[in-house]
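Enquirer:
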Amino acid sequence: MATYNLTINGKSKQVDVDPGTPMLWVLRDYLDLVGTKFGCGIAQCGACTIHLDGNAVRSCQLPVSAAQDAEITTIEGLSENGDHPVQEAWKEHDVPQCGYCQAGQIMTASALLKSNPNPSDEEIENAMNGNICRCGTYTRIKAAVKTASQNL
Amino acid sequence: MKTVNTKLNRRSFLKASALAGGGMMLSFSWLAGCKPTEEEMLTMPKEWFELNSYIKIGENGVVTLYSPNPEFGSNVKTSMPMILAEELDTDWKNVMVEQADFYPERFDRQFTGGSQGIRQGWTPLRTAGATARAMLVSAAAQSWNVPATEITTSAGQIEHKSSGKKAHYGEMASLAATQEIPEEVAMKDVSDFAIIGTSKKNVDAEKILTGKPMFAIDHKVPGMKYAAIVHPPAFGMRLKSFDKSSVSGMSGIMDVFPIQVFKEDYARNFFDTTTFPELLAVVGNSTWEVMQAKKQLSAEWEEAPESTFPMAGRGGGTTDITIPSGLENSGTHKSKMEEYIQKSGNVVRRDGDPESAFAKAAKVLERTYTAPFLAHNTMEPMNCFADVSGDKAVIYGPTQAPEFIMGTLSSSLGIPRENIQINLARMGGGFGRRAYSHHMVEAALISQKIQTPVKMVYTREDDMSAGVYRPTYSATYRAALDENNNLLAFHVKAGGIPETPLHANRFPAGAIDNYLAEAWEIPSNITIGAFRAPRSNFIAGAEQSFLDELAEEMGKDPIEFRLELLERAETNPVGQRNDYDPKRYAGVLELVRETSAWNNPQAGVSRGVSAYFCHNSYVAEVVDLKIVDSQPTVESVFAAVDCGIVVNPDAARNMGEGAIVDGIGNAFYGEMTFENGAPTKRNFDRYRMIRHKEAPRKIQVDFVDNNEDPTGLGEPLFPPVFAALANSLYKATGKRYYEQPFAPQLEMENLRM
């Protein structure tokens with residue numbers, strides 16, 4: 540066990556956990572930020588995507604020890620009032636079915652649009668390809684990313 | 003306007019006040035914030051008045067509707083309350099939705115599966131809405147001293163035109179709650195619907211998109227412990243021994259112990275499918291710690307002998323079910339299936355004299371289709387929260403079928419049903435998998451043992467290797483043609499491990515004079531369960547691929563050929579037991595012919611068509627495919643659907659789009675295989691799922707516009723896409739694809755997959 544100082548959604552947090560604990564479980568079990576989801580544990584599904592200094596990373600593969608001194612953003616902190624252009628676009632296209640993967644999809648999409656505000660279809664597909672949606676909402680996700688891109 | 007007798011649905015008129023509410027969550031249809039905003043605070047009434055199980059109204063006119071069925075992504079939590087709101091005649095803007103927990107005393111059929119939620123909820127929900135409206139009208143009549151028949155309602159307002167009296171529902175709610183339940187109530191004409199048929203957004207969208215806790219895996223209470231399970235590494239194996247000391251020094255680990263899912267003498271029900279009735283539980287302080295310990299836990303496993311257990315029959319009594327011993331292999335499965343394909347099966351249906359017709363045929367077309375086992379792979383792995391203390395239990399978990407697990411919970415815990423509360427979590431996918439809810443029993447047994455609240459979570463590997471798969475299937479089709487290519491006879495022989503996919507009375511049965519259907523089954527210890535459109539999800543692809551090839555052989559357009567058969571089934575049906583309506587079947591083919599511009603395809607695309615009837619709905623689909631840089635790419639999919647009245651059109655299209663994506667993914671890549679009883683794929687690194695790049699560029703879902711009562715939607719768009727894809731691949735590559743998944747064969751054609 541060791542103590543870690545983290546910056547999550549702009550707030551300082553301290554946790555006392557095993558150094559190897561992935562950020563996914565630090566967020567979920569210790570900080571009650573459960574919007575970040577567990578899907579596979581091996582960075583193959585994207586459900587656990589968060590932003591580390593603005594970049595989309597899979598939190599199941601990010602040890603807490605590597606997350607110090609970085610700005611972490613989770614779905615809960617993406618926007619103050621749930622009105623990030625990506626969230627708004629998701630609402631407009633009524634994207635979710637079961638909804639479980641959508642936080643991860645939104646975090647990947649918002650990181651993409653930050654670095655590339657006007658992505659092509661191919662760039663969207665490449666960026667989003669690591670995020671599985673078992674319900675198959677892919678066509679709506681792509682449309683929503685485009686809408687968000689227009690409303691940035 | 004038609005009237006309905008309310009007695010049929012009496013159970014829904016029990017008042018909830020006598021029952022303690024557990025875990026119920028509010029969802030404003032229009033705001034849906036987790037913490038009430040200022041606007042919501044102003045809107046929250048001071049007092050609620052219950053009109054029946056489904057409906058309560060605040061003094062300020064705000065309406066709460068309970069959504070009875072578990073939500074796994076088919077959006078029943080929005081569409082079922084829409085049906086209530088329609089007949090209540092309220093304004094959707096004033097509606098809040100709450101997920102009802104499992105209260106069989108209050109709600110009918112709290113089951114999500116078989117595409118039956120809307121179909122079977124249609125009349126009960128309309129009745130509940132219309133009854134509450136009638137009680138509000140009756141209260142107004144009493145207050146205003148005017149005849150109820152002169153009172154009208156509209157969007158939550160009550161009016162007596164001749165006296166000019168007006169009130170909103172909230173003003174009458176208190177008095178309405180004391181009115182007698184009317185014996186008969188009037189229901190709206192379809193033409194008067196104001197909510198049904200208009201697209202409403204998902205009532206939980208705001209929570210989903212901001213990461214609010216809404217799944218069982220998100221649940222936490224003070225003092226809660228975490229648990230993981232360890233199950234045998236292979237089907238046909240069981241626990242021999244384990245060494246607790248192998249993990250006892252590990253950080254955060256409390257205990258390791260075995261749990262028995264079933265009591266010895268318990269007669270299981272049809273949904274009591276569990277692969278490993280004995281498991282090891284690891285309990286500790288966090289998910290990560292128990293997952294680490296489970297990797298390190300040393301346990302010995304041994305081959306399980308053949309076992310027999312009692313299963314409760316539908317009409318009372320029990321039958322013994324035998325699970326064979328042995329460690330099975332996919333290679334052996336294949337060779338066994340090849341044997342059965344050569345043998346005769348059990349005749350399920352015979353019309354005319356198929357044997358003679360085949361004997362005198364000028365030409366016989368015979369093709370065999372196969373598909374592998376599939377894992378459901380819901381994005382949220384199996385998990386459950388349980389708090390068992392003394393003789394009381396609270397279970398909060400993802401289940402499609404709380405009724406089917408309640409008896410098991412009661413037996414396994416030794417706690418009477420009335421002391422067990424099952425609360426219904428939103429599910430991160432279901433697809434049939436969560437109709438088998440033994441994860442709830444497992445969590446409950448762990449909590450019972452430690453007398454502490456616990457959340458048990460499967461790893462992805464546990465989830466993928468725990469069985470309850472879609473079975474592996476095979477179907478052999480034969481068609482007898484005369485020298486003029488007229489169809490003389492049709493023969494299907496279909497089987498699988500361990501069940502047959504045959505639906506002997508579906509199309510083209512009824513359209514062909516000489517018809518033979520045979521079934522076979524090979525026993526196995528690999529557990530299976532319902533998987534989106536059970537059996538149809540394979541047999542549709544086989545049948546519709548065969549009809550495509552047969553149409554070509556006969557020199558006919560594939561849509562025209564099907565329409566000819568359906569015309570025959572309609573005008574002069576063969577046999578008595580045909581379980582489809584040929585006219586509605588033909589209707590979706592005609593619609594997709596129009597929407598896809600069948601005779602005028604986009605340049606450069608290869609198209610395939612398919613149609614199927616299941617879960618009371620009719621669907622035809624056209625797939626347009628292109629080979630781009632040596633890669634098969636689905637450009638467009640057109641679907642035409644007849645599921646009667648569409649309650650929530652945009653959400654219905656979303657469901658259809660998802661089913662099409664799911665079908666394309668499974669047709670191309672889906673496959674589970676076994677070596678010495680062990681599943682060879684345990685996570686998404688090896689089990690290939692369809693991803694963004696492989697999804698169709700465009701999906702268009704159109705509905706037949708009619709006023710038929712609504713039927714299934716979650717499943718019917720899934721089965722036909724397999725053949726529409728296969729038939730388009732044939733056009734693109736010149737080869738027919740008989741064996742799922744298609745990707746390995748396409749790679750052999752030097753295509754990139």
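In order, the protein sequence lines correspond to chains A and B.
Reading the first sequence from the start, the letters are residues 540 to 691 in my numbering.
Reading the second sequence from the start, the letters are residues 3 to 755 in my numbering.
The beta carbon of each residue, even a glycine, is placed where N, CA and C say it ideally should be.
Which residues of chain A have a Cβ atom closer than 9 angstroms to the Cβ of B:Arg693, listed in chain order?
Expert: Glu664, Met667, Asn668, Gly669, Asn670, Ile671, Cys672, Tyr677
Enquirer: According to the neighbour-count rule (16 or more other Cβ atoms, all chains shown, within 10 Å of its Cβ), is B:Gly736 buried or exposed?
Expert: exposed
Enquirer: Which of the three DSSP states is assigned to B:Ser2 in this structure?
Expert: A query on residue 2 of chain B cannot be resolved here, the shown segment of chain B reaching from 3 to 755 and no further.
Enquirer: Can you pull the chain A neighbours of B:Glu596, defined as C-beta to C-beta under 9 angstroms?
Expert: Here the premise fails: no neighbours, minimum Cβ distance about 22 angstroms.
Enquirer: Can you name, in chain order, every residue of its own chain whose Cβ lies under 8 angstroms from the Cβ of B:Phe104, other than the five neighbours on each side?
Expert: Gln112, Pro404, Glu405, Met408, Gln423, Ile424, Asn425, Leu426
Enquirer: Which one or two residues does DSSP pair with B:Pro1 in a beta bridge?
Expert: With chain B covering 3 to 755 only, the question about residue 1 of chain B has no answer from this structure.
Enquirer: Closer than 7 angstroms by beta-carbon distance: list the chain B residues that pair up with A:Ser583, in chain order.
Expert: Checking the sequence shown, residue 583 of chain A turns out to be Gln, not Ser. By Cβ distance, chain B contributes Asn685, Phe686, Asp687.
Enquirer: Go ahead and label B:Phe272 buried or exposed: buried means 16 or more other beta carbons lie within 10 angstroms of its beta carbon, across all protein chains shown.
Expert: The residue is exposed, with fewer than 16 neighbouring Cβ atoms inside 10 Å.
Enquirer: Three or more beta-carbon pairs under 8 angstroms between the stretch 84 to 102 of chain B and the stretch 187 to 205 of chain B, yes or no?
Expert: The answer is yes - the stretch 187 to 205 of chain B touches the stretch 84 to 102 of chain B, with three or more Cβ pairs under 8 angstroms.
Enquirer: Could you work out which residues of chain B lie near A:Pro561, taking near to mean beta carbons separated by less than 9 angstroms?
Expert: Trp290
Enquirer: Using alpha carbons as the reference points, say which of B:Pro743, B:Phe217, B:Ala269 lies closest to B:Phe387.
Expert: B:Phe217
Enquirer: Can you find a CB in chain B that lies within less than 8 angstroms of the CB of A:Thr546?
Expert: Using a Cβ-Cβ cut-off of 8 angstroms, A:Thr546 does not count as an interface residue toward chain B, since no Cβ of chain B sits closer than that to its own.
Enquirer: On the premise that B:Ala207 lies in contact with A:Lys630, defined as a C-beta separation below 8 angstroms, what is that separation, rounded to the nearest angstrom?
Expert: 5 angstroms
Enquirer: Smallest Cα separation from B:Gly769: which of B:Arg435, B:Arg462, B:Asp707, B:His440?
Expert: There is simply no residue 769 of chain B to check, as chain B begins at 3 and stops at 755 in what is shown.
Enquirer: So for A:Gln644, helix, strand or coil by DSSP?
Expert: For A:Gln644, the secondary structure class from DSSP, reduced to helix, strand or coil, is helix.
Enquirer: I believe A:Ile663 touches A:Leu617 by the beta-carbon criterion, under 8 angstroms. Please report the beta-carbon distance rounded to the nearest angstrom.
Expert: That pair is no contact at about 18 angstroms.
Enquirer: What are the start and end residues of the beta strand (DSSP E) that includes B:Met458?
Expert: 456 to 459 is the span of the beta strand (DSSP E), which, as asked, contains B:Met458.
Enquirer: According to DSSP, simplified to helix, strand and coil, what is B:Cys386?
Expert: strand
Enquirer: Could you say which of B:Gly665, B:Ser413, B:Thr324, B:Ile417 lies nearest to B:Ala395 if we only look at CA atoms?
Expert: In terms of Cα proximity to B:Ala395, the closest of B:Gly665, B:Ser413, B:Thr324, B:Ile417 is B:Ile417.
Enquirer: To which residues does DSSP link B:Tyr68 through a beta bridge?
Expert: B:Glu100
Enquirer: Counting pairs of beta carbons, one from the stretch 48 to 60 of chain B and one from the stretch 631 to 642 of chain B, are three or more of them closer than 8 angstroms?
Expert: no
Enquirer: For A:Pro561, write down the residues that DSSP places opposite it in a beta bridge.
Expert: A:Pro602
Enquirer: Could you pull out every unbroken beta strand (DSSP E) segment of at least 3 residues lying fully inside the stretch 188 to 272 of chain B, listed in chain order?
Expert: 227 to 232, 239 to 245, 255 to 262
Enquirer: So for B:His694, helix, strand or coil by DSSP?
Expert: helix
Enquirer: Can you tell me which of B:Lys48, B:His505, B:Thr478, B:Phe548 puts its alpha carbon nearest to the alpha carbon of B:Leu727?
Expert: Nearest of B:Lys48, B:His505, B:Thr478, B:Phe548 to B:Leu727, Cα basis: B:Phe548.
Enquirer: Counting only Cβ pairs nearer than 8 angstroms, list the residues of chain B close to A:Cys587.
Expert: Residues of chain B passing the Cβ test: none, with the nearest at roughly 11 angstroms.
Enquirer: Could you please give me the residues that DSSP links to B:His493 through a beta bridge?
Expert: Its beta-bridge partners are B:Arg480, B:Leu518.
Enquirer: Would you call B:Arg609 buried or exposed, if buried means 16 or more other Cβ atoms sit within 10 Å of its Cβ?
Expert: buried
Enquirer: So B:Ala306 and B:Gly238 are supposed to be a Cβ contact under 8 angstroms. How far apart are they, rounded?
Expert: 6 angstroms
Enquirer: Give, in chain order, every unbroken run of the beta strand (DSSP E) that is at least 3 residues long and sits entirely within the stretch 563 to 601 of chain A.
Expert: Segments of the beta strand (DSSP E) lying fully in the stretch 563 to 601 of chain A: 588 to 591, 594 to 597.
Enquirer: Applying the 10 Å Cβ sphere with the 16-neighbour rule, what's the burial state of B:Arg419?
Expert: exposed
Enquirer: Who are A:Leu652's beta bridge partners in DSSP?
Expert: The partner list for A:Leu652 (beta bridge, DSSP) is empty, contrary to what the question assumes.
Enquirer: Classify B:Asn708: buried if its beta carbon has 16 or more other beta carbons within 10 angstroms, exposed otherwise.
Expert: By the 10 Å Cβ count, B:Asn708 comes out exposed.
Enquirer: Are the beta-carbon atoms of A:Cys584 and B:Phe686 separated by less than 8 angstroms?
Expert: yes
Enquirer: Say whether chain B places a C-beta atom closer than 8 angstroms to the C-beta of A:Ala642.
Expert: Under the 8 angstroms criterion on CB atoms, A:Ala642 is classed as interfacial with respect to chain B.
Enquirer: Just the Cα atoms here: how many angstroms apart are B:Pro235 and B:Ala373?
Expert: Straight across, the Cα-Cα distance linking B:Pro235 with B:Ala373 is about 24 angstroms.
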